[in-house]
Amino acid sequence: MDTPNIDAQQKAGILAEALPYIRRFADKTIVIKYGGNAMTDPQLKEGFAQDVVLLKLVGMNPVVVHGGGPQINDLLARVGKQGEFVQGMRVTDAETMDIVEMVLGGLVNKEIVSLINKHGGRAVGLTGKDGDMIRARKLYLPDEQNDTPLDIGQVGEVADINPELVALLDSGDFIPVIAPVGVGEQGEAYNINADLVAGKLAETLGAEKLILMTNTPGVLDKQGNLLTGLTPSRVDELVADGTLSGGMLPKISSALDAARAGVPSVHIIDGRVKHALLLEILTDAGVGTMIRAR
Ligand SMILES: Nc1ncnc2c1ncn2[C@@H]1O[C@H](COP(=O)(O)OP(=O)(O)O)[C@@H](O)[C@H]1O
Ligand SMILES: CC(=O)N[C@@H](CCC(=O)OP(=O)(O)O)C(=O)O
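Okay, structure coming up:
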């Protein structure tokens, strides 16, 4: 009889170790935010799609919300415009909004859908306009120097999410892939930061986990060391002393809101690590930063 080599035995052992996690998360919803910065390497993108398909096949309900900030910047540059951000949010005039919608709802969304489907999943791509799913209102940013809030154009915050469409897709074994474009009362489009959509969606769907995949090992302190766990008071300190800035601001705020709203586990992880999703969900190897409600 052939003795399986150690490599195969190790693989079998690893698969067996995943069993308790598979049982624990069966039928549970996992909202995965796939950041534009984490989707640069073709091999990593393939790995991401494989992981999502695997999670679905073992009985979980992965729901993907994607970003696409760098991809929007690329198309803006091609039409001679430079992306501008305030407090981690893109200043969005009418022309920029068209490009945001084209890139997020078109290029990026369909690329992720195709990748998942190539690996045997049944992904369906949507924006928040589909089925009137993500209703938005205009977002005004606080201005520290002034009492008047800042107007950064067609940028929205989530007013309300209708979970019916996602539930319908889940029940049909489809994998929803959602672009963060919201719809206003008059049918107008709003550009919403993808972290905010993912957090609200996790809350609305009663998700078991919210995973925000980005391009850093997690939240880092001033010296660049990984902070593996964060409480709201620690986050306040890190914002106040400037340790958290740019795109990390909406991310952490969305993560905290979701944790406080009862999402049991909220993580910011490094999407540049191969199979980061499987490591996070199916092993003890904690990767990244866990955000706690208290
Ligand atoms: N303390 C911090 N720890 C980690 N990243 C930080 C921190 N402060 C700011 N950042 C920035 O936040 C970025 C992640 O946010 P963002 O660029 O919006 O990525 P994504 O496309 O994944 O949403 C990091 O690449 C980093 O430049
Ligand atoms: C208002 C706002 O900033 N919207 C984002 C939406 C995309 C996004 O969030 O992409 P990442 O996750 O890759 O950063 C933007 O226009 O870049």
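Going by numbering that gives the first Met the number 0, the residue at position 35 of the sequence shown is 34; the numbering climbs one at a time, nothing skipped.
Positions of the beta carbon are idealized from the N, C-alpha and C atoms, including for glycine.
Since this is a predicted model, take the numbers as computed values, not measurements.
Annotation for Thr213: the continuous beta strand (DSSP E) segment containing it runs 208 to 213.
A straight-line Cα-Cα distance of about 37 Å links Gln42 and Glu236.
DSSP places Leu149 in the uninterrupted beta strand (DSSP E) bounded by 149 to 160. A distance of 8 Å or more separates the beta carbons of Ala135 and Glu110. The three-state secondary structure of Gly181, taken from DSSP, is strand. The alpha carbon of Val176 has as its nearest neighbour, out of Ala11, Gly217, Gly34, Ala7, the alpha carbon of Gly34. Counting C-beta atoms within 10 angstroms of its own C-beta, Gly127 has 16 or more neighbours from the protein chains shown and is therefore classed as buried.
Distance from the CA atom of Ser252 to the CA atom of Ala7, rounded to whole angstroms, is 43 Å. If only complete runs of 3 or more residues are kept, the region 83 to 136 shows the beta strand (DSSP E) at 122 to 126, in order along the chain. Within the same chain, Lys44, Glu45, Ala48 come within 7 Å of Leu114 by CB-CB distance, once the 5 residues on both sides are set aside. Across the set Val234, Ile210, Asn214, the C-alpha of Val234 shows the shortest separation from the C-alpha of Asp220. The beta-bridge partner set that DSSP reports for Leu219 consists of Leu225. DSSP places Thr288 within a strand segment (E or B) once states are collapsed to three. A residue is called buried when at least 16 other Cβ atoms come within 10 angstroms of its Cβ; Ile13 does not meet this threshold and is exposed. Taking the C-beta atoms as reference points, Gly152 is found no nearer than 8 Å to Val102. Note that the C-beta distance between Leu225 and Pro231 is not below 8 Å. Classified as buried, Phe24 has 16 or more neighbouring CB atoms from the shown chains inside 10 Å of its CB. Leu229 is positioned such that its CB atom lies no closer than 8 Å to that of Val62. Setting aside the 5 residues that flank it on each side, Arg121 is surrounded in the same chain by Asp172, Phe173, Ile174, each with a C-beta closer than 7 Å to its C-beta; the list follows chain order.
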